[in-house]
Amino acid sequence: MRQPHSLRQLEALHAISQKGTVSRAAEELGISQPATSRLLADLSAELGFTLYHRQDGRIILTQEARYLLPEIARVLESMRYISELGRDIPRRQAGHLRIACLPGFATTHLPELVSKFLENRSDVTVTIEPDRPERILEWIIGEQYDCAITDGFEEHPAVESRKIAVRSVCIFPKGHRFEALGEITPSDLDGERMIHDRKDSPFYRAVADAFVASGKAFKPLVETRQFTCACELVSHGTGVSIVSELDARNYEFRGVSFRPFLPNVPHQLSLLRPIHKPSSMLTLEFLSMFEDSLSELRTE
């Protein structure tokens, strides 16, 4: 099997086509004139045809060599681009990041964070794909996404996860009697119309258990998968809800007030990565940035 031509041989042919003499080509390549001549001779021997002849002290490329030049130029340009990427990637200046997330994050917290992440990273591109937790887990197991932000994750052998406990609060319409309270308990919510998370979620079960432990009635009104929907309903005066403080803060100026909910029932977020696929430095830096963005809201 014929060995592929070396990059240095192609550089020599390109240089001599640009400079017109072997000596100038050698200077361009930063090597000696005999070394340049050897590269050209070896390439000619491997190709099976003459690359050039001399005329009045100058190099005249053969028709066959000229035919190769456009492809050689493309190869050299590609190699330069790869070299630049090699320098940029360790500095996290290039690459593509694929993020799967809960729908609420795609419209509230994530856009601002991704915008900051992309600052001074002109060659980094991002895909954001929102969906339900079950689909997100499938994507990460299948290594279709670099990382994911989800909740209700119960561990999986093909997934590496980091859990973040975010404080929960009770949200209610502006002007509600709860504004006079410093914190809200199941006793305060006794008889209130509740907008709540889906009944099969760990968060719903934890909130319901808090009511049971207090001996107070939990009066369900609307079940919704997303905290953002609950916040919208509360802003319209439909009822009250217990949600992540992260979501509540996004509605502070949209007709919604909130107070800490006790007992502490944190909303458990999970940052996921495929365990069998090495994570890029871009992925690790983004996840670190995301975790830092929640530092004020975390509860242990």
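Numbering (our numbering), first residue to last: 134 to 433.
Built from N, CA and C at the ideal position, the CB exists for glycine as well.
Taking all protein chains shown into account, decide if residue i is buried (16 or more other Cβ within 10 angstroms of its Cβ) or exposed.
i: Ser139; result: exposed
i: Arg295; result: exposed
i: Gly190; result: exposed
i: His289; result: exposed
i: Arg135; result: Any reading at Arg135 needs caution, since the residue's pLDDT is 46, under 50, leaving its predicted position unreliable; the model's value is listed next. Exposed, by the Cβ-count rule.
i: Val389; result: buried
i: Thr416; result: buried
i: Thr361; result: buried
i: Gln359; result: buried
i: Ile269; result: buried
i: Ala363; result: buried
Can you list, in chain order, the residues of its chain with a C-beta nearer than 8 Å to that of residue i? Leave out the 5 residues immediately preceding and following it.
i: His147; result: Leu202, Ile205, Ala206 and Leu209
i: Phe238; result: Pro263 and Ile282
i: Asp323; result: Lys349 and Ala350
i: Arg187; result: Ile193
i: His242; result: Leu379, Asn383 and Ser426
Nearer than 7 Å: is that true of the beta carbon of residue i relative to any heavy atom of the ligand NAD?
i: Arg191; result: As presented, the structure is devoid of all ligands, the ligand NAD included, so that no description of it is given.
Once you ignore the five residues that flank residue i on each side, which residues in its own chain have a CB closer than 7 Å to its CB?
i: Lys332; result: Glu356
i: Pro353; result: Met327 and His329
i: Met212; result: Leu140
i: Ile183; result: Rather than Ile, the amino acid found at residue 183 in this sequence is Thr. Excluding sequence neighbours, Thr183 sits near Ser177 and Thr195.
Which whole-angstrom value describes the C-beta separation of residue i and residue j, a residue pair presumed to lie in contact below a C-beta threshold of 8 Å?
i: Ala233; j: Ile273; result: 7 Å
i: Glu179; j: Leu162; result: Their Cβ separation, rounded to whole angstroms, is 18 Å, which puts Glu179 and Leu162 out of contact at 8 Å.
i: Phe250; j: Ser403; result: With 8 Å as the limit, Phe250 and Ser403 do not qualify as a contact, their Cβ atoms being about 20 Å apart.
i: Val155; j: Gln166; result: 6 Å
i: Phe336; j: His409; result: So it is not a contact: roughly 29 Å between Cβ atoms.
i: Leu246; j: Phe386; result: Between Phe386 and Leu246 the Cβ distance is about 20 Å, and since that is not below 8 Å, they are no contact.
i: Leu445; j: Phe419; result: Any question about residue 445 goes unanswered here, given that the chain covers just 134 to 433.
i: Ser368; j: Pro306; result: 7 Å
i: Ala298; j: Arg392; result: The Cβ separation is near 19 Å, so there is no contact.
i: Asp284; j: Leu235; result: 7 Å
i: Ala198; j: Tyr185; result: 6 Å
Taking 6 Å as the limit between beta carbons, can you name the residues of its chain near residue i, skipping five residues before and five after?
i: Ala158; result: Ala148, Ile149, Lys152 and Thr169
i: Glu267; result: none
i: Pro108; result: This structure gives no information on residue 108, because the portion of the chain shown stretches from 134 to 433.
i: Pro407; result: Ile273 and Glu276
i: Leu405; result: Ile273, Ala281, Val292 and Ser294
i: Ala381; result: Val302, Ile304 and Phe391
> At what residue ranges does the stretch 243-312 contain a whole run of the beta strand (DSSP E), taking only runs of 3 or more?
Replying inline: 256-263, 280-284, 292-299 and 301-306
> Are three or more beta carbon pairs between the stretch 370-383 and the stretch 302-320 nearer than 8 Å?
Replying inline: yes
> Residue ranges of each beta strand (DSSP E) run of no fewer than 3 residues wholly in the stretch 325-388, ordered along the chain?
Replying inline: 326-329, 352-356 and 373-377
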